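Q: Just so it is clear: in the sequence shown, position 16 is 16 by the working numbering, and no numbers are missing.
Here's a structure for you.
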Amino acid sequence: MHLDSYVCELCILQREENLHHLFINCNFAKACWQTIGISYPSTLSRFRIIKRIKRNLQVPFYMEIIILMSWCIWKQRNGWLFNNNDPSLQECLRTFKLEFSMVIHRAKSSILPQMQEWLDCL
């Protein structure tokens, strides 16, 4: 798809929107991650950030958390670009909680209580 600009529309940094920027370096993305208690030095590689999140969360469903928050950031970005919906940390967190509660319904019974407890702490 050709766009008039490839500059990130979610933050004030005016950087090219690429995978690393959109989900890691963008100020809006960092704030979204922080709403669920995740912070990281953006100087790390994606792989090291994932390893750090895994180590800090110490839950077997850390990858579900990463994927869902990435999805929520993506939805906020698309809502802004295509529907002129203002990006919102509150809406991102609300969507994350809703989607995570759906994931819990498909979780193994052995980790279900831990997932629910983690969600309840947000």
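Just so it is clear, CB atoms sit at the ideal spot from N, CA and C, and this is done for glycine as well.
If you're wondering where the values come from, they're calculated on a predicted model, not measured in any experiment.
Compute the distance between the beta-carbons of Leu68 and Glu99, then report whether it is under 8 Å.
A: Yes.
Q: List the DSSP bridge partners of Val7.
A: Glu16, per the DSSP bridge assignment.
Q: Examine the Cβ distances between the region 28-48 and the region 81-93 and report whether three or more of them are shorter than 8 Å.
A: Touching, per the Cβ criterion.
Q: Assuming contact is defined by CB atoms lying nearer than 8 Å, are Arg55 and Tyr40 in contact in what I supplied?
A: In this structure, Tyr40 does not lie closer than 8 Å to Arg55 by Cβ.
Q: To test your reading of the DSSP string, which unbroken alpha helix (DSSP H) runs of 4 or more residues are found completely within the region 24-107?
A: List check, alpha helix (DSSP H) in window: 27-35, 46-57, 62-83 and 89-105.
Q: Here's the rule: buried if 16 or more other CB atoms are within 10 angstroms of the residue's CB, otherwise exposed. What is Gln76?
A: Looking at its Cβ environment, which holds 16 or more other Cβ atoms inside 10 Å, Gln76 is buried.
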